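J.: Please read through the structure below; I'll follow up with questions.
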Amino acid sequence: MKRLLFMIVAIGAFCSPVLATAQDQNGWTDAKWGMTGPELEKAFAGKIKPNAEGGYEIDSYAIDRLTFGVNFYMGGAGLKKVRLMSQKSNLPLDDDYRKLAGLLEQKYGPAIAKDIPDKFPAKSEVFNTSWGLPATKITLGYLRAYVAPTIGLYSITISYEAQGSSTKDKL
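Counting with the numbering used here, you get residues 332 to 502 for the letters of the sequence shown.
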């Protein structure tokens, strides 16, 4: 009996960090799905402002060495999507994309779709890696756009979207 109890405790201790890392945040940082504009303004006091599209935005949000603009998209039921978009760069962001994918995997567990090549091709292409949590779909995107053979434009996006949003809210 003691042996069985020990095995159950050992298995639970082994599995609990894995289960904890994949917990759904039901939003992004202090923004939760369904929040109203005034609730967002309170949660991000002094950092957030209304934008022209009827949502909200934060001009500058740093993750590691990258700076992102953050957009909050509203629907009939409140907050439905948060999108972070890096400032465009004329230098490749390959390592940053890999690092962010690793950080997201540490926090949310293995990706359900992974698009991270060992060597990125020298052509225009979009790469997406995504996680599907019970209430949130997370997509990490990387745009590599070449305007000339040796001139590129690069950006990274991270989107958090409420699962089960209606088709009307996605338009």
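Don't be surprised by glycine CBs; every beta carbon is placed ideally from N, CA and C.
On a predicted model such as this, the values are computed, not experimentally measured, just so you know.
Report the CB separation of residue 424 from residue 473 in whole angstroms; it is logged as a contact under 8 Å.
T.: That pair is a contact at about 7 Å.
J.: Ignore the nearest five residues each way along the sequence and tell me which others in residue 490's own chain have a CB closer than 6 Å to its CB.
T.: The residues are 414 and 470.
J.: Specify, as a first and last residue, the run of the beta strand (DSSP E) that residue 370 falls within.
T.: From DSSP, residue 370 is part of no beta strand (DSSP E) but of the alpha helix (DSSP H) over 368-374.
J.: Go ahead and pull the three-state DSSP assignment for residue 432.
T.: Residue state, collapsed to three classes: helix.
J.: If we call anything under 8 Å between Cβ atoms a contact, is residue 361 one with residue 464?
T.: Their beta carbons are not under 8 Å apart, which means residue 361 does not touch residue 464 by this criterion.
J.: Is the number of C-beta pairs between the segment 397-411 and the segment 362-371 that are closer than 8 Å three or more?
T.: Taking 8 Å as the limit for Cβ pairs, the verdict is that the segment 362-371 does touch the segment 397-411.
J.: What span of residues does the beta strand (DSSP E) with residue 475 cover, start to end?
T.: Here the beta strand (DSSP E) through residue 475 covers 467-479.
J.: Note down, in chain order, each residue of its chain lying with its Cβ closer than 8 Å to the Cβ of residue 429, except the 5 sequence neighbours on either side.
T.: Contacts found: 447.
J.: If you scan the segment 395-466 from start to end, which runs of the alpha helix (DSSP H) of 4 or more residues do you find wholly inside it?
T.: Complete alpha helix (DSSP H) runs here, min 4: 425-439.
J.: In its own chain, which residues sit with a C-beta less than 7 Å from the C-beta of residue 484, not counting the 5 before and 5 after it?
T.: So the list reads 419, 421, 476 and 478, once near-sequence residues are dropped.
J.: If you draw a straight line from the C-alpha of residue 460 to the C-alpha of residue 389, how long is it?
T.: If I take the Cα positions, the gap works out to 24 Å.
J.: Would you kindly work out how many angstroms separate the C-alpha atoms of residue 357 and residue 456, rounded to a whole number?
T.: Rounded to the nearest angstrom, the two C-alpha atoms are 30 Å apart.
J.: Please return the same chain residues whose Cβ sits closer than 7 Å to the Cβ of residue 372, not counting the five positions on each side in sequence.
T.: Cβ within range, chain order: 379.
J.: Is residue 379 helix, strand or coil by DSSP?
T.: Correct three-state label for residue 379: coil.
J.: Hey, how far is the Cα of residue 495 from the Cα of residue 487?
T.: C-alpha separation (whole angstroms): 25 Å.
J.: Per DSSP, residue 359 forms a beta bridge with which residues?
T.: Its beta-bridge partners are 362.
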